[in-house]
Amino acid sequence: MSKQMTGAKMVIQALKDQGVEVVFGYPGGAVLPIYDELFLQNDIRHILVRHEQGAVHMAEGYARSTGKPGVALVTSGPGATNAVTGLTDALMDSIPIVVLTGQVPTFMIGTDGFQEADTVGITRPCTKMNWLVKDTAKLSETIHQAFHVATHGRPGPVLIDIPKDVQFATSDYVPAEKAKVAHYQPRTEGDPARIAQLVELMEQAERPILYTGGGVINSGTRASALLRELAAETGFPVTSTLMGLGAYPASGKNWVGMLGMHGLYEANLAMHGCDLMINIGARFDDRITGRVKDFSPRSKKAHIDIDPSSINKVIHVDVPIVGDVTKVLEELLRQWRARGSKTDQRGLASWWKQIDEWRAVKCLSYKNSTTTIKPQYALERLEALTKGMDRYICTEVGQHQMWAAQFLGFEDPNRWMTSGGLGTMGYGLPASIGVQIAHPEALVINVAGEASWLMNMQEMGTAMQFRAPVKQFILNNERLGMVRQWQELLHGERYSSSWSESLPDFVKLAEAFGCKGIQCKDPKDLDDAIMEMISYDGPVIFDCLVEKHENCFPMIPSGKPHNEMLLGEADTQGVIGAKGAVLV
Amino acid sequence: MSALNIKKGSSSHSAYDLRATNSEIEESHTLAVIVENEPGVLARVIGLFSGRGYNIDSLTVAEVDHTGHRSRITIVTRGTPAVIDQIEAQLSRMVPVHEVHDLTMEGPSVQRELALLKVAGTGTARVEALQLAEIFRAKVVDSTLESFVFEMTGTPDKIDAFADLMRPLGLLEIARTGVAGLKRGV
Chain E
41 MSKQMTGAKM
51 VIQALKDQGV
61 EVVFGYPGGA
71 VLPIYDELFL
81 QNDIRHILVR
91 HEQGAVHMAE
101 GYARSTGKPG
111 VALVTSGPGA
121 TNAVTGLTDA
131 LMDSIPIVVL
141 TGQVPTFMIG
151 TDGFQEADTV
161 GITRPCTKMN
171 WLVKDTAKLS
181 ETIHQAFHVA
191 THGRPGPVLI
201 DIPKDVQFAT
211 SDYVPAEKAK
221 VAHYQPRTEG
231 DPARIAQLVE
241 LMEQAERPIL
251 YTGGGVINSG
261 TRASALLREL
271 AAETGFPVTS
281 TLMGLGAYPA
291 SGKNWVGMLG
301 MHGLYEANLA
311 MHGCDLMINI
321 GARFDDRITG
331 RVKDFSPRSK
341 KAHIDIDPSS
351 INKVIHVDVP
361 IVGDVTKVLE
371 ELLRQWRARG
381 SKTDQRGLAS
391 WWKQIDEWRA
401 VKCLSYKNST
411 TTIKPQYALE
421 RLEALTKGMD
431 RYICTEVGQH
441 QMWAAQFLGF
451 EDPNRWMTSG
461 GLGTMGYGLP
471 ASIGVQIAHP
481 EALVINVAGE
491 ASWLMNMQEM
501 GTAMQFRAPV
511 KQFILNNERL
521 GMVRQWQELL
531 HGERYSSSWS
541 ESLPDFVKLA
551 EAFGCKGIQC
561 KDPKDLDDAI
571 MEMISYDGPV
581 IFDCLVEKHE
591 NCFPMIPSGK
601 PHNEMLLGEA
611 DTQGVIGAKG
621 AVLV
Chain V
140 MSALNIKKGS
150 SSHSAYDLRA
160 TNSEIEESHT
170 LAVIVENEPG
180 VLARVIGLFS
190 GRGYNIDSLT
200 VAEVDHTGHR
210 SRITIVTRGT
220 PAVIDQIEAQ
230 LSRMVPVHEV
240 HDLTMEGPSV
250 QRELALLKVA
260 GTGTARVEAL
270 QLAEIFRAKV
280 VDSTLESFVF
290 EMTGTPDKID
300 AFADLMRPLG
310 LLEIARTGVA
320 GLKRGV
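Just so you know, the protein sequences line up as chains E and V, in that order.
41 is the number of the first residue of the first sequence in the working numbering; add one for each residue after it.
140 is the number of the first residue of the second sequence in the working numbering; add one for each residue after it.
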């Protein structure tokens, strides 16, 4: 027996049936019936944001730290257009979120009504799938399908646009188990024959490397456990993209650090010099490959990915394996063990010796100061003082993000939330609130730059209202640091609009929001100040005044291959040619 | 529209058995995409092409299964083998897409386009147009004392050739449907 209910009630019922506990949202005319239903129940918590972009990033933070889909609810027109950045961010980073938008009533669609926008048209290229539901009878089933699509195959954002009259009208509720989802069942099992090929290559490899990415995190915690088993049983070195940090522990024996444009010297040279590259859930992003023509020229490459379109998109691979990381690694380990496979011990030993030599370069070393806080030092201290705590880290985008990836160690998956693909400044603060809502007792820190942070600082109001004790650790250099670095290296030190004037007094700003503000500018005071931030029971805005002209190294300049890294200031003269300057 | 330049022998339809990506030679491929006939599905497919910088030389679409709500989109596109593989993979992963067939690669296929051509003229030009239409098996579907509308079906090449001949004889307008195609045999 199906139950009759209004569209608005269906939305709430469907969310409950999907196990949703929290919705991040902002009301408006076109979603009032849904807000009415939210008011009349207590199972789903609503977090009132200050801007719809914040709602979507919070849903992303929630999703990435829990492995469950995040949900945002916004109104029509501007509510929907404000969600676009978050949707694109989630699409690029494959984050499962469900965004519900209100729409003008069906009979007004196309009349340029008040707060009308072609939401499905605008969001079509920035969602995995979207729907405009014009009939209440189809609403509940569509919501269930949306959750299915968001979380199956390569995860991603989905959007459901619900006209106001559809919310008022009444129809039968279709429960989750009756919703038709058969038409979208992406392949998850890897081809055993391909996996066998990979096993053979692994037995022969002298210089192998496991190159892991966000797909390992998205596949669930089991994938990380399997990756650790694989590394332990083979002794292969492990590197990871920005998105994959935490899948293999930073304290692990085989860890060689993050790779990529600002990745570690040893990781990038290992990628360049390997004879077998096993890509697990990464996508050969341009931040990783550098100059494609010279990318890891002497290696056989295997690529495990759930999305067939990721394979051969950028780099041609020898062994493509389409499947879910967990299932593929299970089969890989099963075959490896069943065959009694052995690695090339001699080859591996000399490979590790080589990697250790690269490590000895100490590519992350920097010149510390007793008078100014170096951003790297600030992060080293943050790492030392929070290590072992139940800790989640978010970041904004820029130099601080790269330093955080370099200097903070991640032991587990789902502990690191950063905008990787889209590079969204303003991501970190709302994401940290989403994480904190999901993990109320945990220490949630947003490592930020002052410029990024200002982009969504209104969300401190959300943090205060919902008692989310997020710590905003702002490395304040009064510059758009990464822009400034590029202008220094590429544009003749002409610092066009890359400094911040008229910055707010962050301590007073904290007071204005009713939270705690801390400013620190002397390295000697830093430890105490960080401890004060951690121990404060509530949100903190930590204004860490750092060296203004520090550059982020190592760096692979645009248009260069992995083996042409810059390690420090001395290497930087005239390194990026005209061709490289065109790239971003 | 330029002549179809169909080459065979190097593509695949899954991520498995991938072909060499180093070929820089552009090929023309005809893709049949079976989709759920739901609002916006065509925009979704076309948006993929424009958003990722792929070419569309021709496109036809119609619902082919009214009970199952399936539409068939036939796209003629151009690209290097790697780009064609990427287009197929990108299409295949779209939620409302059920099947993607590369007619150019799946063995021999029949490809046809329908065109309507309006030719105006009197005297010998008019007679000549009519004779040529007969040779090309174009049908007269409308006639006045000063004009004909010809209907013809054929490969895009054939339509191009006929249109070229009609131009000096008073071709006024041409309407083409784009290519529809089916694999030969079963």
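Note that CB positions come from ideal geometry on N, CA and C, so glycine has one too.
Considering only C-alpha positions, which residue in the set the options is nearest to residue i?
i, options, result
"Gly-489(E)", "Gly-468(E), Gly-557(E) and Pro-277(E)", "Gly-468(E)"
"Gly-59(E)", "Lys-220(E), Lys-108(E), Ser-538(E) and Pro-67(E)", "Lys-108(E)"
"Gly-126(E)", "Glu-518(E), Gln-505(E), Thr-464(E) and Cys-584(E)", "Thr-464(E)"
"Gly-501(E)", "Leu-179(E), Leu-299(E) and Pro-579(E)", "Pro-579(E)"
"Ser-381(E)", "Glu-273(E), Phe-582(E), Leu-388(E) and Lys-564(E)", "Glu-273(E)"
"Thr-283(V)", "His-205(V), Gly-179(V), Thr-261(V) and Gln-229(V)", "Thr-261(V)"
"Ser-197(V)", "Gly-317(V), Arg-323(V) and Lys-322(V)", "Gly-317(V)"
"Gln-375(E)", "Arg-331(E), Glu-246(E) and Ala-236(E)", "Ala-236(E)"
"Lys-322(V)", "Gln-229(V), Ser-162(V), Glu-165(V) and Val-172(V)", "Val-172(V)"
"Asp-325(E)", "Thr-261(E), Gly-284(E) and Leu-88(E)", "Gly-284(E)"
"Ala-190(E)", "Val-139(E), Leu-270(E) and Pro-337(E)", "Val-139(E)"
"His-18(E)", "Phe-506(E), Leu-494(E) and Met-497(E)", "Chain E is shown only over 41 to 624; residue 18(E) falls outside these bounds and no answer can be derived."
"Leu-494(E)", "Ile-485(E), Leu-520(E), Ala-508(E) and Met-504(E)", "Leu-520(E)"
"Arg-327(E)", "Val-214(E), Met-442(E) and Lys-340(E)", "Met-442(E)"
"Val-62(E)", "Gly-449(E), Lys-43(E), Leu-88(E) and Pro-73(E)", "Leu-88(E)"
"Gly-253(E)", "Thr-210(E), Val-365(E), Ser-349(E) and Ser-211(E)", "Val-365(E)"
"Asp-83(E)", "Gly-110(E), Ile-52(E) and Val-239(E)", "Ile-52(E)"
"Pro-145(E)", "Ile-135(E), Pro-203(E) and Ala-99(E)", "Pro-203(E)"
"Cys-592(E)", "Leu-372(E), Phe-513(E) and Gly-300(E)", "Gly-300(E)"
"Ala-209(E)", "Glu-240(E), Thr-176(E) and Ala-70(E)", "Thr-176(E)"
"Glu-243(E)", "Ala-400(E), Arg-386(E) and Ala-322(E)", "Arg-386(E)"
"Glu-370(E)", "Glu-269(E), Gln-525(E) and Val-475(E)", "Glu-269(E)"
"Ala-503(E)", "Ala-444(E), Asp-577(E) and Gln-525(E)", "Asp-577(E)"
"Glu-533(E)", "Ser-390(E), Val-510(E), Val-523(E) and Gln-225(E)", "Val-523(E)"
"Ile-183(E)", "Tyr-432(E), Val-221(E), Gly-161(E) and Ile-558(E)", "Val-221(E)"
Output, in chain order, the set of chain E residues within a Cβ distance shorter than 7 Å of residue i.
i, result
"Val-178(V)", "Per the sequence presented here, residue 178(V) reads as Pro, with Val not at that position. Result: Leu-172."
"Ser-231(V)", "Pro-348"
"Ala-228(V)", "Pro-348 and Ser-349"
Would you mind telling me which residues of chain V sit closer than 7 Å to residue i, beta carbon to beta carbon, in chain order?
i, result
"Val-368(E)", "Near Val-368(E) there are no residues of chain V at all, since even the closest Cβ is about 13 Å away, more than 7 Å."
"Val-189(E)", "Val-234"
Provide the residue(s) that pair with residue i in DSSP beta bridges, ordered along the chain.
i, result
"Trp-171(E)", "Ile-200(E)"
"Cys-560(E)", "Cys-584(E)"
"Lys-178(E)", "In the DSSP output, where bridge partners are listed per residue, Lys-178(E) has none listed."
"Glu-77(E)", "According to DSSP, which records beta bridges pairwise, Glu-77(E) is partnered with nothing at all."
"Lys-108(E)", "DSSP, once it has assigned bridges, lists no residue as partnering Lys-108(E)."
"Lys-49(E)", "Beta-bridge pairing links Lys-49(E) to no other residue."
"Ile-87(E)", "Phe-64(E)"
"Ser-211(E)", "Met-45(E)"
Report the neighbours of residue i on chain C: residues whose CB is nearer than 8 Å to its CB, in chain order.
i, result
"Gly-186(V)", "You won't find chain C in this structure, because its protein chains are E and V."
List, in order along the chain, the chain E residues whose C-beta lies closer than 8 Å to that of residue i?
i, result
"Gly-190(V)", "Pro-165"
"Arg-183(V)", "Arg-164"
"Asp-241(V)", "Correct list: empty, because the minimum Cβ distance to chain E is about 14 Å."
"Gln-225(V)", "Ser-349, Asn-352 and Lys-353"
Show which residues of chain E have a CB atom less than 9 Å away from the CB atom of residue i.
i, result
"Ala-171(V)", "The premise fails here: Ala-171(V) is roughly 18 Å from chain E at the closest Cβ pair, so nothing lies under 9 Å."
"Ala-221(V)", "Asn-352, Lys-353 and His-356"
- What are the residues of the region 141-173 of chain E that lie near chain V, defined by any Cβ-Cβ distance shorter than 9 Å? Answer in chain order: Val-160, Gly-161, Arg-164, Pro-165, Lys-168, Met-169, Asn-170, Trp-171 and Leu-172.
- With 8 Å as the limit, tell me which residues of the region 195-209 of chain E have their beta carbon closer than that to any beta carbon of chain V; keep them in chain order. none
- Interface positions of the region 346-361 of chain E facing chain V (Cβ-Cβ less than 7 Å), listed along the chain: Asp-347, Pro-348, Ser-349, Ile-351, Asn-352, Lys-353, His-356 and Pro-360
- Message: Give the list of continuous alpha helix (DSSP H) stretches no shorter than 4 residues that lie fully inside the region 226-284 of chain E.
- Response: DSSP assignment within the region 226-284 of chain E yields the following whole alpha helix (DSSP H) runs of 4 residues or more, N-terminal first: 232-244, 254-258 and 261-274.
- What residue ranges within the region 318-401 of chain E form continuous beta strand (DSSP E) runs of no fewer than 3 residues, ordered along the chain? Segments of the beta strand (DSSP E) lying fully in the region 318-401 of chain E: 340-345 and 359-362.
- Task: Report the residue ranges of all alpha helix (DSSP H) runs contained in full by the region 500-546 of chain E; include only those spanning at least 4 residues, in chain order.
- Result: 500-505 and 521-530
- Task: Report the residues of the region 211-224 of chain E with a CB closer than 8 Å to any CB of chain V, ordered along the chain.
- Result: Correct list: His-223 and Tyr-224.
- Query: Given a limit of 9 Å on CB to CB distance, which residues of the region 303-321 of chain V reach chain E?
  - Reply: none
- Query: Fully enclosed by the region 169-217 of chain V, which beta strand (DSSP E) runs are 3 residues long or longer?
  - Reply: Runs of the beta strand (DSSP E) inside the region 169-217 of chain V: 197-204.
- Continuous alpha helix (DSSP H) assignments of at least 4 residues falling wholly in the region 414-452 of chain E: 415-426 and 439-447
- Item | Length at least 4, wholly inside the region 264-313 of chain V: the alpha helix (DSSP H) runs in chain order | 295-305
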